[in-house]
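Here is the structure we will look at, set down as structure tokens.
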Amino acid sequence: MEPRINLFANEIAAKFTKRLTNAGQVIGQSALPEATYELVKIRASQINGCGFCTDMHTKDAAAAGETQVRLNLVAAWREATVFTEAERAALALTEEGTRLADTHQGVSDETWAQVQKHYDDEQIGALVSAIAVINAYNRLNVIARTPAGSYEPGMFSV
Numbered sequence: 174m175e176p177r178i179n180l181f182a183n184e185i186a187a188k189f190t191k192r193l194t195n196a197g198q199v200i201g202q203s204a205l206p207e208a209t210y211e212l213v214k215i216r217a218s219q220i221n222g223c224g225f226c227t228d229m230h231t232k233d234a235a236a237a238g239e240t241q242v243r244l245n246l247v248a249a250w251r252e253a254t255v256f257t258e259a260e261r262a263a264l265a266l267t268e269e270g271t272r273l274a275d276t277h278q279g280v281s282d283e284t285w286a287q288v289q290k291h292y293d294d295e296q297i298g299a300l301v302s303a304i305a306v307i308n309a310y311n312r313l314n315v316i317a318r319t320p321a322g323s324y325e326p327g328m329f330s331v
């Protein structure tokens, strides 16, 4: 697959991507557990069909010590027993926040209540921001047809 546009070589896209990266750094510096942050990025990327981001975040998660079993089960998290209740709340929020057009209510009150049960205000702010940022990245890469498979863990580390 050939990309439609090289997001890194295009001046406007590169500037925009740099700002998204800076936004992601704010989330990474929050009290949100790193494993949860990676699970959120993986699940949104799977839903959006973003091979580039799915490749990147599964590899980064594995390099950070995430188990292969958990990585294999992110797409089927509802049936899996390997995720904590807090992670399940974050994954539910990720799905509902990514599939906004699939329901008239957006994020359900039930899901929001579960998120509030497991995360403090700072972590919730980070979760909401993480979902927004990864969805933006997914859209950039899917529209551009950025190919997947060649990412090396940490290759975009700042």
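Residues in the sequence shown are numbered from 174 upward in steps of one, following our numbering. Every residue gets a Cβ at the ideal spot worked out from N, C-alpha and C, and that includes glycine.
Exercise. Glutamine 202 to methionine 328, Cα distance in whole Å?
Worked result: 19 Å
For this session: Check whether the stretch 208-223 touches the stretch 185-196, counting contact only when three or more Cβ pairs, one atom from each stretch, lie closer than 8 Å.
Result: no
For this session: Tell whether a beta-carbon distance below 7 Å holds between histidine 291 and alanine 253.
Result: no
Exercise. Which ranges does the beta strand (DSSP E) cover as unbroken runs of at least 3 residues, wholly within the stretch 229-254, from first to last along the chain?
Worked result: none
Exercise. When you compare only the Cα positions, how much space is there between aspartate 282 and threonine 227?
Worked result: 28 Å
Exercise. Cβ atoms of alanine 217 and threonine 284: under 7 Å apart, would you say?
Worked result: no
Problem set entry | Buried/exposed call for leucine 205, threshold 16 Cβ in 10 Å | buried
Exercise. With a Cβ-Cβ cutoff of 7 Å, do alanine 286 and isoleucine 178 count as a contact?
Worked result: no
Exercise. Is phenylalanine 225 helix, strand or coil by DSSP?
Worked result: helix
For this session: Counting only the same chain and skipping the five closest in sequence on each side, list residues whose C-beta sits under 7 Å from that of methionine 375.
Result: Absent from the model: residue 375. The displayed extent of the chain is 174 to 331, so no value can be given.
Problem set entry | threonine 271 beta carbon less than 7 Å from that of isoleucine 220 | yes
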